[in-house]
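K.L.:
First residue of the sequence shown? That's 59 in the numbering used here, and the numbers climb one at a time after it.
The beta-carbon is built from N, C-alpha and C at its ideal position, and this holds for glycine as well.
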Amino acid sequence: MAGSTPLVGVLALQGAFREHMQALERLGAEAIEVRAPAELAGLDGLMLPGGESTAMDLLLDSSGLRAPIAERIAAGLPVFGTCAGLILLANELEDGTVEQRTLKVLDVTVLRNGYGRQVASFETSVVLAGDDMPMVGVFIRAPRITRIGAGVEVLASVGDEPVAVRNGSIMAATFHPELAHDDRLHARFLERVTTHS
Ligand code: GLN
Numbered sequence: 059m060a061g062s063t064p065l066v067g068v069l070a071l072q073g074a075f076r077e078h079m080q081a082l083e084r085l086g087a088e089a090i091e092v093r094a095p096a097e098l099a100g101l102d103g104l105m106l107p108g109g110e111s112t113a114m115d116l117l118l119d120s121s122g123l124r125a126p127i128a129e130r131i132a133a134g135l136p137v138f139g140t141c142a143g144l145i146l147l148a149n150e151l152e153d154g155t156v157e158q159r160t161l162k163v164l165d166v167t168v169l170r171n172g173y174g175r176q177v178a179s180f181e182t183s184v185v186l187a188g189d190d191m192p193m194v195g196v197f198i199r200a201p202r203i204t205r206i207g208a209g210v211e212v213l214a215s216v217g218d219e220p221v222a223v224r225n226g227s228i229m230a231a232t233f234h235p236e237l238a239h240d241d242r243l244h245a246r247f248l249e250r251v252t253t254h255s
């Protein structure tokens, strides 16, 4: 709603959703957990957190959330997916499980566990476009973006590899910005939420 506090839903079927709610609240948004279609009503934005994308894929069906979420995103609801959330948004997976489906709303190709299964977790410096100060990127069994489509903007990179991207109101990161207590990417997402609402 224009002029009032933006209401952002955080998909809470599985995974790392609490830290996202805290980041959104630090930035002045109201954050609610989303586990059922009725909880999508009135949202100005939606976060898809990290976790395990194959589990989330199954839970999207059992919760009845898959079609309503796809409809709201198609209608322009700003969305920000991190890690497994990026996998849910991607048009194409290089190594999804046979049955694994995605929402296919972001024209990127993603390689799950792109740093190898042995590399459980690491931190590295992430360069934000248009910002001189890098941020700490926490990567946990992280996917890699191996192709970006026309119109997909790179918001952050490690070396020459994109690790956060945006196409219009759809934003995604391969890492966990909610774990580094640096809210700059959430703030960029909220700029869209506020414009949209
Ligand atoms: N490797 C996980 C997957 O395939 C994603 C990891 C994460 O979200 N931290 O879903």
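Start and end of the alpha helix (DSSP H) containing Glu-129?
P.N.:
124-132
K.L.:
Excluding the 5 residues preceding and the 5 following His-78 in the sequence, name in chain order all residues of the same chain whose CB lies nearer than 6 Å to its CB.
P.N.:
Same-chain partners within the cutoff: Val-68, Met-105, Pro-107, Glu-236.
K.L.:
Using a Cβ-Cβ cutoff of less than 6 Å, which residues in the same chain neighbour Val-194 once the five nearest sequence positions on both sides are dropped?
P.N.:
Glu-181, Ala-238
K.L.:
Hey, is Thr-112 close to the ligand GLN, as in C-beta under 7 Å from one of its heavy atoms?
P.N.:
Result yes, Cβ under 7 Å from the ligand GLN.
K.L.:
My output table needs one value for Val-212: the three-state DSSP class, helix, strand or coil.
P.N.:
In the structure shown, Val-212 sits in a strand (DSSP, three-state: E or B).
K.L.:
Work out the CA separation of Gly-109 and Arg-76 for me, nearest whole Å.
P.N.:
Answer to the nearest angstrom: the Cα atoms are 12 Å apart.
K.L.:
Just how far apart, CA to CA, sit Ala-128 and Pro-201?
P.N.:
Taking C-alpha positions only, Ala-128 is separated from Pro-201 by approximately 22 Å.
K.L.:
Could you tell me whether any Cβ in chain B is nearer than 8 Å to the Cβ of Ile-127?
P.N.:
Structure shown: chain B not included; a single protein chain is present.
K.L.:
Start and end of the alpha helix (DSSP H) containing Arg-199?
P.N.:
Note, Arg-199: premise wrong, no alpha helix (DSSP H); not H, not E.
K.L.:
Just curious, the alpha helix (DSSP H) that Leu-117 is in, first and last residue?
P.N.:
111-120
K.L.:
Tell me, please, which residues DSSP counts as bridged to Val-185.
P.N.:
Ser-215
K.L.:
Val-156: buried (16+ other C-beta within 10 angstroms of its C-beta) or exposed?
P.N.:
exposed
K.L.:
May I ask whether a heavy atom of the ligand GLN can be found less than 7 Å away from the beta carbon of Gly-139?
P.N.:
no
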